[in-house]
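Residue numbers for the sequence shown follow UniProt numbering, beginning at 8 and rising by one. By construction, the Cβ of each residue, glycine as well, lies at the ideal position given by its N, Cα and C atoms. Reading through the structure tokens given below for one structure.
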Amino acid sequence: ALKTLSRLDLIERRAFLNGVWTARDEVLGVSDPANGERLAAVAVCSPADADAAVAAARRAFFDWRDRLPAERGMILRLWAKLVRDNARDLATIMTCEQGKPLAEALGEMSYAANFLDWFAAEGERAYGETIPSHLPGSHLSVQMQPVGVTVAITPWNFPAAMIARKAGAALAAGCTMIVKPAPETPLSALALAKLAEEAGMPAGVFQVLTGEAVPLARRLLENTEVRAFSFTGSTEVGRILLTHSAATVKKASLELGGHAPFILFDDVDLARSVSDCISAKFATSGQDCLAANRIYVQRRVYDRFVDAFGLATSQLNVGHGLEPGTDIGPMTRPSVVEKCRQQVSQAVSAGARLVCGGQDSPLGGNFVSPTVLADVTDNMLIAREETFGPVAAILPFDDEADVLARANATEMGLAAYVYTNDLGRAMRLTDRLEYGMVAVNTPKFTGAPIPFGGWKQSGLGREGARHGLLEYLEAKYVCFGNL
Ligand code: ADP
């Protein structure tokens, strides 16, 4: 499929270091998770390359920092335009290495481009403040200045958007950034770098370092010149990276795991809620930190919901993401297949009811049959851990206070969904849910202008919105005295 791209040069195998496309003798294979077909092999960068990238990013920083925000914005906007112009090729590359259906990959390109455009403008609004003085004859002010060299460690489930969300903010703020993409999806990152270069990105401002995650991440986080890092991935890995960065006291932004409750009361339109819940559960083939991992349904509509949700799930098309009509692609990582299998078998043996799916996919390999489990209880594995695959868990509930307590009884706190037409109830729940994001009566709420992020062990900091820019800025208080 990659042979059909209009621009074959978007398939890049070399790392992008200090404005130079750099090949390495050692390479890492990238394969199509749907069929194991080898797509390409990318450079394995060494820890010495990581050091050189930091030095280059540091040199590039001084000029980039001093440019007018509008000038940085022009480059980001041109980059966004190139992402839109080449969306079809970028989406095809992504579907091949990541597995998601092409329509979702195309959606991700527009999501990614929106971050670049949005931050291009927000960079011009990095306002400071003046403070009425408490000292005689003094002027007090605060300026916001870029933190310096930054690092992004990005995941395989949104291989383009997570880079754009971080780089858009960092670069608009006047920082330089080194991206270490997930080893499963480096081609999307490198294609973005190619377009950044075309947009006129100065050497060293944006770099992509490919290779083995552990040695590269470690080296980057040990480097004192790296002042901030942003990570999206599992809570487990986020904790390791936060520990590594502690020795040099870096600013840290972490977008970690989720375990979203989807709370559905009996006063809603059932047909619409079922279809919204299908989106909230099965987007990105379930490999999504916003996925509805615990679907709580009020008793009076429980049986009807389970039947309708099971029916809708059994109609999802599983296949290669490039085949028209595919809803669910392969899992990007084989470990997800195993995790789904474990959660299903543990739940069934503990008394959950298999409504549909459950067996190994006839397509084999990294495919998982979309599965619905009903009568799930809070102590089952699937109700305690993020699934990250197309397995839905439905749990009945009776009253509001009870479901609220159950929804909050987790160390995760990324997103929660509430479905009700009772305004008072919606208000009470949005006030009390311990989550960074709460969506009422909609599965769609993300985008460039909103502060994306989690409470508790779902992360630190926010991405997108004016909050996202702050992750890359330091406050500098200035006092002019004896005036
Ligand atoms: P997931 O669990 O969703 O696959 P991970 O947290 O494993 O996500 O991976 C997200 C990113 O973290 C990827 O870029 C991956 O290469 C990197 N990564 C994974 N393990 C480590 C580690 N021990 N040290 C540094 N980076 C890691």
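Close-in-space but distant-in-sequence residues of the same chain around G328 (CB under 6 angstroms, 5 per side omitted): Along the sequence shown, read from residue 1 onward, the residue named residue 328 stands at position 321. Taken in chain order, the residues that qualify are T102, G106, K107, P108, L109 and G336.
Quick check on this structure: which residue in V51, I18 and G475 has the alpha carbon closest to the alpha carbon of R218? As a first step, residue 218 is located in the sequence shown; it is residue number 211 there, counting from the start. Arg is not the amino acid found at residue 218; the sequence shown has Gly there. Checked all of V51, I18 and G475; the closest Cα to G218 is V51.
Would A259 and V156 qualify as a contact pair, given that the criterion is a beta-carbon distance under 8 angstroms? Mapped onto the sequence shown, residue 259 falls at position 252. Mapped onto the sequence shown, residue 156 falls at position 149. The Cβ atoms of A259 and V156 do not sit closer than 8 angstroms to each other.
Please determine whether the Cβ atom of T437 lies at a distance below 7 angstroms from any heavy atom of the ligand ADP. If you number the sequence shown from 1, residue 437 lands on position 430. Residue side-chain check: T437 keeps its Cβ at 7 angstroms or more from all non-hydrogen atoms of the ligand ADP.
Hey, how far is the Cα of V275 from the Cα of Y426? As a position in the sequence shown, residue 275 is number 268, starting the count at 1. As a position in the sequence shown, residue 426 is number 419, starting the count at 1. Their backbone Cα atoms lie some 7 angstroms apart in a straight line.
Any chance the CB of P331 is under 7 angstroms from a heavy atom of the ligand ADP? Counted from its first residue, the sequence shown places residue 331 at position 324. No, the ligand ADP has no heavy atom inside 7 angstroms of this Cβ.
One or two residues paired with W28 in a DSSP bridge: Within the sequence shown, residue 28 is the residue found at index 21, counting from 1. Its beta-bridge partners are F23.
With a floor of 4 residues, list each alpha helix (DSSP H) that falls wholly inside the segment 382 to 422, ordered by position along the chain. 388 to 391 and 407 to 415, all fully within the segment 382 to 422.
How is S352 classed by DSSP in three states: helix, strand or coil? By 1-based counting over the sequence shown, the position of residue 352 is 345. It is helical.
Can you list, in chain order, the residues of its chain whose CB lies under 6 angstroms from that of Y309, leaving out five sequence neighbours each side? Locating residue 309 in the sequence shown gives position 302, where the first residue counts as 1. Answer for Y309: P403, listed in chain order.
Taking only runs of the beta strand (DSSP E) that begin and end inside the segment 119 to 164, which ones reach a length of at least 3 residues, in chain order? Counting only runs of 3 or more, we get 136 to 138, 146 to 153 and 156 to 160.
Host alpha helix (DSSP H) of V308 (start-end): Taking the sequence shown and counting its residues from 1, the one referred to as residue 308 is at position 301. In the DSSP annotation of this structure, the continuous segment of the alpha helix (DSSP H) that includes V308 starts and ends at R306 to S321.
Integer-rounded CB distance, given that L388 should sit under 8 angstroms from Q353: By 1-based counting over the sequence shown, the position of residue 353 is 346. By 1-based counting over the sequence shown, the position of residue 388 is 381. Distance from Q353 to L388 at the Cβ level is roughly 4 angstroms; contact confirmed, criterion being Cβ atoms closer than 8 angstroms.
Mind checking P162: buried by the 16 CB within 10 Å criterion, or exposed? Sequence index remark: in the sequence shown, residue 162 carries index 155 (1-based). With 16 or more Cβ atoms within 10 Å of its Cβ, P162 is classed as buried.
Could you check the C-alpha separation between A57 and P222 for me, to the nearest Å? Residue mapping note: residue 57 aligns to position 50 of the sequence shown, counting from 1. Residue mapping note: residue 222 aligns to position 215 of the sequence shown, counting from 1. Distance between the alpha carbons of A57 and P222: 9 angstroms.
Three-state secondary structure assigned by DSSP to F272: The residue you call residue 272 lines up with position 265 of the sequence shown. DSSP places F272 in coil when its eight states are reduced to three.
Quick one: Cα of L123 to Cα of G144, how far? Within the sequence shown, residue 123 is the residue found at index 116, counting from 1. Within the sequence shown, residue 144 is the residue found at index 137, counting from 1. Per the coordinates, the alpha-carbon of L123 lies some 43 angstroms from the alpha-carbon of G144.
So if DSSP puts T239 in a beta bridge, which residue, or which two residues, is it bridged to? Counting from one through the sequence shown, the residue named residue 239 turns up at place 232. Paired residue(s): E262.
Specify the secondary structure class of M208 as computed by DSSP and reduced to three states. Here residue 208 refers to the residue found at position 201 of the sequence shown. Coil at M208, not helix or strand.
V425 - partner residues in DSSP beta bridges: Along the sequence shown, read from residue 1 onward, the residue named residue 425 stands at position 418. Paired residue(s): I270 and V447.
Determine the closest residue to A235 out of T449, D314 and A176, with distance taken between C-alpha atoms. The residue labelled residue 235 in the question sits at position 228 within the sequence shown. Of the candidates T449, D314 and A176, the one whose C-alpha sits nearest the C-alpha of A235 is A176.
To which residues of the same chain is D334 closer than 6 angstroms at the C-beta, ignoring the five residues directly before and after it? Counting from 1 along the sequence shown, the entry for residue 334 is found at position 327. If the five residues before and after D334 are omitted, its C-beta is found closer than 6 angstroms to the C-beta atoms of L323 and N324, all from its own chain and listed in chain order.
Reducing DSSP to helix, strand and coil, say where V256 ends up. Position 249 of the sequence shown, counted from the first residue, corresponds to residue 256. It is coil, neither helix nor strand.
Does any heavy atom of the ligand ADP sit closer than 7 angstroms to the C-beta of P162? Position 155 of the sequence shown, counting from 1, holds the residue named residue 162. P162 Cβ: within cutoff of the ligand ADP.
Alpha helix (DSSP H) segment containing I82, residue limits: Position 75 of the sequence shown, counted from the first residue, corresponds to residue 82. Taken as a continuous stretch (DSSP letters only), the alpha helix (DSSP H) holding I82 covers P76 to D92.
Spatial neighbours of L113 in its chain, beta-carbon cut-off 8 angstroms, leaving aside the 5 residues before and after: Translated into the one-based positions of the sequence shown, residue 113 becomes position 106. Answer for L113: A94, R95 and A98, listed in chain order.
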